[in-house]
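Just so we're aligned, residue -11 is where the sequence shown starts under my numbering, counting upward by one.
Working notes, beginning with the structure itself.
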Amino acid sequence: MTTSNASLKRWVDDVARLTQPASIHWCNGSDAENTALIEAMLKSGDLIKLNQDTHPNCYLHRSHPSDVARVEHLTFVCTRNKEDAGPNNHWMDPTEAHRKIDGLFAGAMRGRTMYVIPYCMGPIDSPFARCGVEITDSPYVVVNMRLMTRMGDAALTRIEREDKYVKGLHSIGDLDPDRRFIMHFPEELTIKSVGSGYGGNALLGKKCHALRIASWQAREEGWLAEHMLLMGLQSPEGRTHYVAAAFPSACGKTNLAMLVPPASMPGWKIWTLGDDISWLHVDEQGQLRAINPESGYFGVVPGTNRKTNCNAYDMIQRDTIFTNVALTADNQPWWEGLENGTPVLDWQGKPYTPGNGPAAHPNSRFTVSAKQNPIYSTLADAPEGVPISAILFGGRRREVAPLVYEARDWAHGVLVGAGMASETTAAAVGQMGVVRRDSMAMKPFAGYNFADYWSHWLKLGSGANASKLPKIFHVNWFRQDRNGRFMWPGFGENLRVLRWITDRCEGKVPAIETPIGLLPRKQDLDISGLDMDPSTLETLLSIDAGAWRQEVDAISKYLDEYGSRVPSQLREELKGVAKRLEAANAA
Ligand code: GTP
Ligand code: SPV
Ligand code: MN
């Protein structure tokens, strides 16, 4: 097979000349192709068959122990002008970057098959969808891309028609962390990644295309590409609100998107549209609408069980690829937080000894088609997307940030998103549990200067055509008490907070004005049936003025890092918070 598109054919030929594969395979996305790839990977040891009685069509992949998470320090945005990448990105001159990485690609596919993967991010017939082609020498990448994107013939047809697509080149190379780079060339709509087989570094449709390159395109074209889940909340009366929520990696997007309502909220229904990425546009009526560019989930495994999220748990009992989980004696996958079973082999395949670190890697993942989600929304395939009632920002904050508050308006909401902070997690290599600023949960994913990104957000909201903007909220499920215990039960119980949010969207309940935004009155947040003492709720719903004055100072210093490109409106919003804190202090 090949293509009628001359530029695509030329690029594939050029890559083959550089990387020297033994053969070239154009992926069509068929079942037969997938089965053959899985058979081959079982033979090569890339995949291990899991217990087919308990987990039909489930496989385990063990990655190289040095290759288990995203590598932010090796991820570059290569723009002609360094300032365009901004202090939020590592930068390299594009000419130098190409030279450096092409050196690593030279001959990298010798003896291997080179796969050409045409894919579409978003419903194949959506005007908001964007296509790409990933070239890779990893069959694991191919089978994952098939679950995560609309991959194969239909995508190729659209690419040939449009003649515009993102070029992604990937090789696992020798997996040496010293020869590992993930490079983005937004001005050329090009991605080059070498030396890693891990999700976000290797499945180029996901973070590299749908966030870093897409955010760049989105600014040029007047839309937003965001690290947001997308869900529908249907009340017992039958009204549905769609909500998009940006939380940093491993901070609860998949779980919120697949939420199981608590017993105390009968009649509520949740619909998942997406669990990681949303593309948002203002439509002709001035309404913000969103699509999920992905078609599968690459989700965190640890912590998933029947109690925390039975939707997610049920979904991964069949047709799932597990990466870096542990194994039981009868070859079932095992991870921390699972209610039964005993691990005998850890994620590296070594005999498991309790007390010697976790059995499953903390960033072990499942890859599964979204169609297996029992609450998958039929509107996830709607070309026009869904109207958004509310945007949520949130992070992992053991202190300072209350359970929920509402921004005063769009511009204040942009400040709330820009000032977000969260504790680092196992999703990226590096120290865990350190609080860092992570604007809109996009610190690792914005493909351009954050200062310009904040301006773009402000501009989108002030446009005359944006008349029906969603409300913006901040949530925090992760407040801890003095003993390090989570104060809020989280998971399904988060629906109690979402209900207050939709009540606010419908103008049903008043809220309390505070210096940082609008907080719920205690009587408006239903906590019936929760074992929660009044002082805990008090803490969750109050703000510590001293801690917030420090927070404002910290945000101010953070904005300073971005210099004169920071929009003055953002600084005005921050001054507003500072003034209100002073006034409250004086009162
Ligand atoms: P990425 O895929 O990395 O973008 O992560 P994500 O934002 O989708 O996070 P996910 O839902 O996978 O949750 C990450 C971890 O946080 C898991 O171990 C969950 O069990 C845990 N978690 C999710 N929601 C909650 C919550 O409401 N409360 C608490 N305490 N933990 C949660
Ligand atoms: C994240 O780290 O935010 C993920 C996993 O969703 S990855 O695809 O590796 O980026
Ligand atoms: Mn993510």
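A virtual CB, placed ideally from N, CA and C, is assigned to each residue, including glycine.
TODO: Assign Glu214 to buried or exposed, taking buried as 16 or more other Cβ atoms, counted over all protein chains shown, within 10 Å of its Cβ.
DONE: Locating residue 214 in the sequence shown gives position 226, where the first residue counts as 1. Glu214 comes out buried.
TODO: Within the same chain, show all residues whose beta-carbon is closer than 6 Å to that of Leu218, passing over the 5 residues directly before and after it, in chain order.
DONE: Looking up residue 218 in the sequence shown gives position 230. Result list for Leu218: Ala232, Leu261, Gly262, Ser266, Ala278, Asn280, in chain order.
Task: Under 5 Å, CB to nearest heavy atom of the ligand MN: contacting residues - done: Ser237, Asp264
Open item on the list: Can you tell me whether Gly188 is buried or exposed? The criterion is at least 16 other CB atoms within 10 Å of its CB, across all chains shown.
Closed with: Start at 1 with the first residue of the sequence shown, and residue 188 comes out as number 200. Flag for Gly188 reads buried.
TODO: Determine the DSSP secondary structure at Met285, reduced to helix, strand or coil.
DONE: Residue numbering aside, residue 285 sits at position 297 when the sequence shown is read from its first letter. The amino acid occupying residue 285 in the given sequence is Tyr; Met does not appear at that position. Strand, per DSSP.
Task: Start and end residues, alpha helix (DSSP H) containing Ser450 - done: Locating residue 450 in the sequence shown gives position 462, counting from the first residue. Element bounds for Ser450: 438 to 450.
Task: Cβ-based neighbour list, His52, same chain, cut-off 8 Å, excluding 5 preceding and 5 following - done: Sequence index remark: in the sequence shown, residue 52 carries index 64 (1-based). So the list reads Leu163, Gly185, once near-sequence residues are dropped.
Task: Backbone secondary structure at Asp553 - three-state DSSP - done: As a first step, residue 553 is located in the sequence shown; it is residue number 565 there, counting from the start. A small fix is needed here, since residue 553 is Arg in this sequence, not Asp. Helix.
Task: Other residues of its chain near Pro555: CB distance less than 8 Å, five sequence neighbours each side excluded - done: Position 567 of the sequence shown, counted from the start, is the residue given in the question as residue 555. For Pro555, where only same-chain residues beyond five positions count, the Cβ hits under 8 Å are Ala439, Trp442, Ser443, Leu446.
TODO: Along the beta strand (DSSP E) that carries Met29, what are the first and last residues, could you check?
DONE: The residue you call residue 29 lines up with position 41 of the sequence shown. Not the beta strand (DSSP E): Met29 falls in the alpha helix (DSSP H), residues 19 to 32.
Open item on the list: Suppose the cutoff is 7 Å on Cβ atoms and the five residues either side in sequence are ignored; what does the same chain contact list for Glu327 look like?
Closed with: Position 339 of the sequence shown, counting from 1, holds the residue named residue 327. Within the same chain, Asn293, Arg294 come within 7 Å of Glu327 by CB-CB distance, once the 5 residues on both sides are set aside.
Open item on the list: Less than 9 Å between the beta carbons of Ile489 and Leu333, yes or no?
Closed with: Along the sequence shown, one-based indexing puts residue 489 at 501. Along the sequence shown, one-based indexing puts residue 333 at 345. No Cβ-Cβ contact shorter than 9 Å links Ile489 with Leu333.
Open item on the list: Measuring straight from C-alpha to C-alpha, what distance separates Leu157 and Ala28?
Closed with: Against the sequence shown, residue 157 aligns to sequence position 169. Against the sequence shown, residue 28 aligns to sequence position 40. In a straight line, the C-alpha of Leu157 is about 22 Å away from that of Ala28.
TODO: Evaluate Asp541 with the Cβ neighbour count: other Cβ atoms within 10 Å of its Cβ, from every protein chain shown; 16 or more gives buried, anything less gives exposed.
DONE: By 1-based counting over the sequence shown, the position of residue 541 is 553. The residue in question, Asp541, is exposed, as its Cβ has fewer than 16 Cβ neighbours within 10 Å.
Task: Sufficient close CB pairs (3 or more, under 8 Å) joining the region 406 to 417 to the region 520 to 529 - done: no
Open item on the list: Between Val374, Asp491, Val182, which has its C-alpha nearest Thr7's C-alpha?
Closed with: In the sequence shown, residue 7 corresponds to position 19, counting from 1. For Thr7, the nearest C-alpha among the options comes from Val182.
Open item on the list: Could you compute how far the alpha carbon of Ala143 sits from the alpha carbon of Ile112?
Closed with: Against the sequence shown, residue 143 aligns to sequence position 155. Against the sequence shown, residue 112 aligns to sequence position 124. Cα to Cα, Ala143 sits roughly 7 Å from Ile112.
Open item on the list: Once DSSP output is grouped into helix, strand and coil, what is the label at Pro346?
Closed with: Stepping through the sequence shown from its first residue, residue 346 is reached at position 358. In the three-state DSSP reduction, Pro346 falls in the coil class, being neither helix nor strand.
- [ ] Let me know if Gly325 comes out buried or exposed under the rule of 16 or more other beta-carbons within 10 Å of its beta-carbon.
- [x] Here residue 325 refers to the residue found at position 337 when the sequence shown is read from its first residue. Exposed, by the Cβ-count rule.
Open item on the list: By alpha-carbon positions, which one of Val129, Lys257, Met216, Phe235 ends up nearest to Ser223?
Closed with: Along the sequence shown, read from residue 1 onward, the residue named residue 223 stands at position 235. Nearest of Val129, Lys257, Met216, Phe235 to Ser223, Cα basis: Lys257.
TODO: Could you tell me whether the region 98 to 109 touches the region 132 to 142, using the rule of 3 or more Cβ pairs below 8 Å?
DONE: yes
TODO: Within 10 angstroms of the Cβ of Gly505, are there 16 or more other Cβ atoms? Answer buried if so, exposed if not.
DONE: What you label residue 505 is simply residue 517 of the sequence shown in a count that begins at 1. Sixteen is the threshold: when 16 or more other Cβ atoms of the shown chains lie within 10 Å of the Cβ of Gly505, as they do, the residue is buried.
TODO: Name the residue from Ser(-5), Leu35, Asn243, Arg118 whose alpha carbon lies nearest to the alpha carbon of Asn299.
DONE: In the sequence shown, counting from the first residue as 1, residue 299 sits at position 311. Per the Cα distances, Asn243.
Open item on the list: Looking at the ligand GTP, does it come within less than 8 Å of Trp14, judged from the CB to the closest heavy atom?
Closed with: Indexing the sequence shown from 1 puts residue 14 at position 26. Checking the Cβ of Trp14 against the ligand GTP gives no.
Task: C-alpha distance - Thr42 paired with Thr330, whole-angstrom precision - done: By 1-based counting over the sequence shown, the position of residue 42 is 54. By 1-based counting over the sequence shown, the position of residue 330 is 342. Each residue's Cα considered, the two are about 15 Å apart.
Task: Validate contact between the region 410 to 425 and the region 552 to 567 using beta carbons, cut 8 Å, 3 pairs - done: no
Open item on the list: If you measure between the beta carbons of Ala576 and Arg118, is that distance less than 9 Å?
Closed with: As shown, the chain starts at -11 and ends at 575. That puts residue 576 outside it, with no answer to give.
- [ ] Flag Lys194 as yes when its Cβ comes closer than 8 Å to any non-hydrogen atom of the ligand SPV, and as no otherwise.
- [x] Taking the first residue of the sequence shown as 1, we reach residue 194 at position 206. True, at least one ligand heavy atom lies under 8 Å from that Cβ.
- [ ] Report whether the distance from the Cβ of Phe286 to the nearest heavy atom of the ligand SPV is below 8 Å.
- [x] Numbered from 1 along the sequence shown, position 298 holds the residue referred to as residue 286. Yes - the ligand SPV has a heavy atom lying nearer than 8 Å to the Cβ of Phe286.
Task: Spatial neighbours of Phe310 in its chain, beta-carbon cut-off 6 Å, leaving aside the 5 residues before and after - done: As a working note, residue 310 is residue 322 in the sequence shown. Taken in chain order, the residues that qualify are Leu48, Pro321, Phe354.
TODO: Would you check whether the ligand SPV has a heavy atom nearer than 8 Å to the C-beta of Ala233?
DONE: Walking along the sequence shown from the start, residue 233 turns up at place 245. No, the beta carbon of Ala233 sits no closer than 8 Å to any heavy atom of the ligand SPV.
Open item on the list: So, with DSSP's three-state summary, where would you put Glu324?
Closed with: On the sequence shown, position 336 is the one that residue 324 refers to. It is coil, neither helix nor strand.
Open item on the list: Suppose only complete runs of 4+ residues qualify. What are the alpha helix (DSSP H) ranges in the region 223 to 264, listed by chain order?
Closed with: 241 to 245
Open item on the list: Three or more C-beta pairs under 8 Å: does that hold for the region 173 to 181 against the region 391 to 404?
Closed with: no
TODO: Name the two residues that bound the continuous beta strand (DSSP E) containing Tyr186.
DONE: Within the sequence shown, residue 186 is the residue found at index 198, counting from 1. From DSSP, Tyr186 is part of no beta strand (DSSP E); its letter is neither H nor E.
Task: CB-CB length for Gly595 against Val356, believed under 8 Å - done: Any property of residue 595 remains undetermined from this structure, which presents the chain solely from -11 to 575.
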